Amino acid sequence: MMSVTELTKLHGSPEPYAYLDEVSKREVRRAILKALALPGHQIPFSSREMPIARGWGSGALQVTLSVVGPDDIVKVIDQGDDASLNAQAMRSLIATTAECEQTTRTVEATIVQSRHRIPEIPLRSDQLLVLQVPQPDPLRRLAGNAATAAALHAEGDHTLAWLERYEDEVRRGGGATGAGHPVMVNGAVLMGPSPIPPYDIPRLDDLPHPVLFGAGRLARVMALPPHSHVRPLSFDDRPFLIPDAGVACAGCNSMTSHRIESTVRPGTWWCSDTDYCFSNTRPKS
Amino acid sequence: MFETAERLTTRDGALDSLAPPPPALVVENLTKRFGGGCPRCFQLTGPETSTSRCGECGSVVALHEVALEVGSGEVLGVAGESGSGKTSLLRCLHRDLVPETGRALVTGVGDLFDDSLSDRRVHTEVAVLVHQSSAAAGLSPSLSAETNVAERLLATGSRSFGEMHLRVGEALSGLEVDRDRHANVLATFSGGMQQRVQLARALVQPPPVLLLDEPTTGLDPSVQAASLGLLQEVVDDFGGATIIVSHDLRVLRLLCPRITVLRFGRIVESGLTDQVLEDPHHPYTQLLVSSQL
Amino acid sequence: MYATLASSTAAVKNARRLALASSTQSKASVSEQSLLVHQICAEAGIWAPDAASRALEQSGGELGRAVALVRVWAATLPYADAKTVSEDDIEITRHLSAAYAEIPGGQWLGPSDEQAPRLLTWLDHIDPVDVESERRSDLIAKTNSPGAVTSRRSDVRRVRDLIVEESTEPSTPKGDGPDPTRAALTAPFSRLGRLAALARSETGALVSFSSVVMESRREAILLEINSSIVHFDVAHPRTGNQCRVSEVPIVEAEAVTDILIDGRASLVLGYGVSLGSLERRAIAIAVLDAVLQDGPVTLTLDDGVITSAFDGLSATGIVEHLRLPHYVSFAAYLSSIENEEDLEQ
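Protein chains in written order, with numbering that gives the first Met the number 0: chain A, 0 to 284; chain B, 0 to 292; chain C, 0 to 344.
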């Protein structure tokens, strides 16, 4: 095992390896370990100012930089897209400072950092998913302030979140909420899974790999260790429904992926996960 | 309205329930002061000195050693002018205020002021408040009537939407809230209709204690009679302990077989409503009766 | 948003070159090109970069005083009514949407270095980027992913038109609004009055307050953000002919937030415009405008809200992150609204 300081010496650079200094990394790692021990809980950490704007993935970036090593292969997506500017900028920052490989292919990556999507191709147990989180607390807005929300979490009182579900049922007959539908982790902890679409919510359950959530602006880390039990918050007699376009992806004909309608060519739908779409059309090697 | 009153007071059975039922709520030694307080506060305040403000330290003695009992299915009226402490009493029993001393024992629950009970549990499971302001009663004006009523079911762990929808619908319809309005946002309801939603919220899963704060104040006079009739039915059917606070003796006479009169934070007179109002002993009660009835 | 840009890294490179060219052209540390000057002009409510940089110098860099100097100076200037700006007078240099992956006219980056890492450099000399060899307008065109088609506002479809079928509240008001320097605004403000007042509000306050109101919303999506050059015409005092007197950079933003209309989930559209090129001003105004259309805002200002809203980086982060693509979550939200409409029909 090599310490970060040793790695730094090895690279002969006066700047810390993987951007963050060792003390900062240690603190993030400690928060990650705590988060893994308490699945779904929001663990505070002293979020550093990062070279990207707060709210642009600075939390997930700190998580990624704290766990990345020179043997890693990093993939960063935004809305499922590797080529999105923000994703490109972060991927290159990680790969440059950590001196590791980068990829756009889900199957090749060891760490996938993502904003608002879970990759279409299921990750393996040797891969890590890091999600960017703008607002980690699903009760914060409903309770009106963070202190009340924290007390409600502590008491296991999730009534406010249920009220919102009930209101959704009354108003629109349930169905899909917008992005970031709240979930129950291991039947006990209410967690906001970051603004992933309804399609991705059931896919959080029983994953073979850990998922780490980083919220930089609000300085929280959350985690789902492998095989966590994750259920969307929905009534016993109202299954969690996922809206489906019913139209195949214009790129790869997939009928099962999460698709987004094109605004330029209305009526055509495309996979939001670009790598998945390419890999369906790419000749098999 | 007067006609209704006549009919309701002479209705059968009102006098049969004279024997007190076993207490469902026992309040003991309840004292609440606003301000720093000093050793002479209680001596310098009260009906004798005609003030609730301590001349020595300026603190207000809202309640001093108040004790009362309400049986299951019983309705107790609390009368008094503003400053009498009746609102403080209600706020203590809803645990919006924490008293200095005292207990409020609820059968099957324990002491209402016990720290191990969360405020939300008190509000949703123990003491439901019906208040002029829906927000003060814990309802959310931006949610639908139905969701507001369902909250108490959700808070106690109901997770079947269909079953809750049915029960909430029945509770609202039972209080004459039109079915096509159940999904409307509470803020779009009139004061009288909001009160019905609040009552439905209480009745959908009857709590041990029901608290009604000035139930007719703020209502349009044209709906007061109807509201009183409805309240009468609700409190008669309600199986727990009901406390109604009002400055209006006519309302209390209609709804409550027993009455307690508060002045400057002290109980000055208690008894069967008819007896107290026919033959008031305390000079203050006499004043109240002569000015109102 | 920048999904379609993605394929063309050239667009990104050109955007960065343009941005660098703007910042390295400056001779002094504080120049006419400086965004600080843009900010002073915006908060003073007058596009006068010469006056603003003079004010900045004379105030010793104290921003509040510099804004005051410019406003005081402008208060007694002769006033001429300009012709109401039409869409033909607006030339777009940057055109982006966070709500959709692709938009009519293309995602168009313009001068932009937002993706460059925020790292302080200790190099004493930065090589100026020379874009003079290439015409600036050509270079701007090259920051559009599918290649520039047109740049006139009147020729570029508004992103909001894509969601007209969804329930949206009234669109952007047209015509002349009241000028807060010439008329006392009286409550209740007209929407144009509010927008005019917000357009010259203090930047930090706009960002703080919009960050607070965003926390209380389910959704806030940036439909469109544009940087443009506006041409102003004034009638000649003798001949009455329209004369072009100024070319002024502006930023426009349109944002939507969730709203209940008659108890039904819908979207409300907010518009923001600011002089200069500070995008967070326009975004913040658009968010505030949207939320205010829902009526007065009640805020709980506890220490948590205050401290996060008043931390400049944190508030700026939440406001500026609206520029990031949100098309997946926006699609999810639209689909949930449609769901509700279907139920009603």
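For each residue, glycine too, the CB sits at the ideal point set by N, CA and C. From a predicted model like this one, the values you see are computed outputs, not experimental measurements.
Since residue i meets chain C, which of its residues come closer than 9 Å, beta carbon to beta carbon?
| i | result |
| --- | --- |
| threonine 262/A | Ser96, Ala98, Tyr99, Ala100, Glu101, Ile102, Pro103, Val158, Leu161 and Tyr326 |
In the DSSP assignment, the beta strand (DSSP E) including residue i goes from what residue to what residue?
| i | result |
| --- | --- |
| isoleucine 284/C | It is not in any beta strand (DSSP E) - isoleucine 284/C instead sits in the alpha helix (DSSP H) that spans 278–291. |
| alanine 219/C | 219–234 |
| methionine 221/A | 219–223 |
| histidine 94/C | 89–95 |
| aspartate 302/C | Taken as a continuous stretch (DSSP letters only), aspartate 302/C belongs to no beta strand (DSSP E), being part of the alpha helix (DSSP H) at 302–309. |
| arginine 230/A | 229–231 |
| glutamate 260/A | 258–260 |
| glutamine 112/A | 110–114 |
| isoleucine 72/A | 72–77 |
| serine 269/B | 265–271 |
| methionine 183/A | 182–184 |
| valine 188/A | 188–190 |
Beta-carbon of residue i versus every beta-carbon of chain E: anything under 7 Å?
| i | result |
| --- | --- |
| isoleucine 317/C | The structure shown has no chain E; the protein chains it does contain are A, B and C. |
Can you pull the DSSP bridge partners for residue i?
| i | result |
| --- | --- |
| lysine 31/B | Leu62/B |
| alanine 254/C | Leu221/C and Gly269/C |
| glutamine 309/A | Nothing in the structure corresponds to residue 309/A, since chain A is present only between 0 and 284. |
| leucine 274/C | Ile249/C |
| glutamate 100/A | Ile72/A |
| glutamate 68/B | Val25/B |
| proline 43/A | Arg219/A |
| leucine 75/B | Ile242/B and Arg257/B |
| tryptophan 72/C | Its beta-bridge partners do not exist; DSSP assigns none. |
Find the residues of chain C that neighbour residue i, judging by a C-beta separation of less than 8 Å, and give them in chain order.
| i | result |
| --- | --- |
| tryptophan 55/A | Gly316, Glu319, His320 and Leu323 |
| arginine 202/A | In chain order: nothing, as chain C lies at least about 14 Å away. |
| arginine 140/A | Glu214, Ser215, Arg216 and Arg217 |
| asparagine 144/A | Thr299, Asp301, Gly303 and Val304 |
| proline 43/A | Neighbours of proline 43/A on chain C: none; closest Cβ ~12 Å, over 8 Å. |
Would you mind telling me which residues of chain C sit closer than 7 Å to residue i, beta carbon to beta carbon, in chain order?
| i | result |
| --- | --- |
| histidine 115/A | Val327 and Ser328 |
| glutamate 98/A | What glutamate 98/A touches in chain C: nothing, since even the nearest Cβ is about 16 Å away. |
| glycine 177/A | Arg217, Glu218, Ser328, Ala331, Tyr332 and Ser335 |
The alpha helix (DSSP H) that contains residue i, what's its start and end?
| i | result |
| --- | --- |
| glutamine 57/C | 48–57 |
| phenylalanine 212/A | Careful: phenylalanine 212/A lies outside any alpha helix (DSSP H), inside the beta strand (DSSP E) at 210–214. |
| valine 62/A | 57–66 |
| leucine 205/C | 202–214 |
| cysteine 270/A | Cysteine 270/A -> not in any alpha helix (DSSP H); beta strand (DSSP E) instead, spanning 268–270. |
| proline 282/B | 282–291 |
| histidine 152/A | 145–154 |
| isoleucine 31/A | 21–36 |
| glutamine 106/C | Careful: glutamine 106/C lies outside any alpha helix (DSSP H) and carries neither H nor E. |
Going along chain B, which residues have a C-beta under 8 Å from residue i?
| i | result |
| --- | --- |
| leucine 162/A | Ser139, Leu142, Thr146, Ala149, Glu150 and Leu153 |
Along chain A, in chain order, which residues have C-beta atoms closer than 8 Å to that of residue i?
| i | result |
| --- | --- |
| proline 116/C | Pro50, Ile51, Ala88 and Leu92 |
| alanine 264/C | Arg170 and Arg171 |
By the criterion of Cβ-Cβ separation under 7 Å, what are the contact partners of residue i in chain A?
| i | result |
| --- | --- |
| serine 159/B | Phe234, Asp235 and Asp236 |
| leucine 34/C | Within chain A, no residue comes near leucine 34/C; the closest Cβ sits about 15 Å away, beyond 7 Å. |
Which residues in chain A have a C-beta closer than 9 Å to the C-beta of residue i? List them in chain order.
| i | result |
| --- | --- |
| leucine 312/C | Glu48, Ala52, Arg53 and Arg216 |
Determine the chain B residues that contact residue i at a beta-carbon separation under 9 Å, and present them in chain order.
| i | result |
| --- | --- |
| aspartate 156/A | Ser117, Arg119, Arg120 and Ala154 |
| Contact between the segment 29–41 of chain A and the segment 49–56 of chain A: three or more CB pairs below 8 Å? | no
| query | Counting pairs of beta carbons, one from the segment 97–117 of chain B and one from the segment 139–154 of chain B, are three or more of them closer than 8 Å? | reply | no
Next on the checklist: Could you check whether the segment 45–63 of chain B touches the segment 214–224 of chain B, counting it as contact only if at least three pairs of C-beta atoms, one from each stretch, sit closer than 8 Å?
Outcome noted: no
With three or more C-beta pairs closer than 8 Å as the rule, is the segment 260–267 of chain A touching the segment 151–170 of chain A? no
**Q.** Meets three-Cβ-pair contact criterion under 8 Å: the segment 54–72 of chain A and the segment 211–218 of chain A
**A.** yes
Would you call the segment 33–47 of chain C in contact with the segment 65–80 of chain C, where contact means no fewer than 3 C-beta pairs closer than 8 Å?
yes
Completely contained alpha helix (DSSP H) runs for the segment 99–165 of chain B, where each covers 4 or more residues
144–154
- Query: Can at least three beta-carbon pairs, one atom from the segment 121–128 of chain A and one from the segment 88–99 of chain A, be found at a separation below 8 Å?
  - Reply: no
task = Output the residue ranges of the alpha helix (DSSP H) runs that lie fully inside the segment 171–199 of chain C and measure 4 residues or longer, sorted by chain position.
result = 190–198
What alpha helix (DSSP H) runs, 4 residues minimum, are completely inside the segment 169–208 of chain B? 190–202
Given 8 Å, three or more beta-carbon pairs between the segment 282–298 of chain C and the segment 63–82 of chain A: no
Q. Below 8 Å, can you find three or more Cβ-Cβ pairs linking the segment 73–84 of chain C to the segment 233–248 of chain A?
A. no
Below 8 Å, how does it come out for the segment 194–209 of chain B and the segment 144–158 of chain B: are there three or more Cβ pairs, yes or no?
yes
Could you tell me whether the segment 141–150 of chain A touches the segment 103–122 of chain A, using the rule of 3 or more Cβ pairs below 8 Å? no
Any contact between the segment 320–334 of chain C and the segment 216–227 of chain C? By contact I mean 3 or more CB pairs, one from each, below 8 Å. yes
- Would you call the segment 268–280 of chain C and the segment 187–200 of chain C touching, i.e. three or more CB-CB distances under 8 Å? yes
*Using 8 Å as the threshold, is the segment 261–277 of chain A in touch with the segment 228–242 of chain A, meaning 3 or more CB pairs across them?*
no
Does the structure place the segment 37–46 of chain A close enough to the segment 306–317 of chain C that three or more beta carbon pairs sit under 8 Å? no
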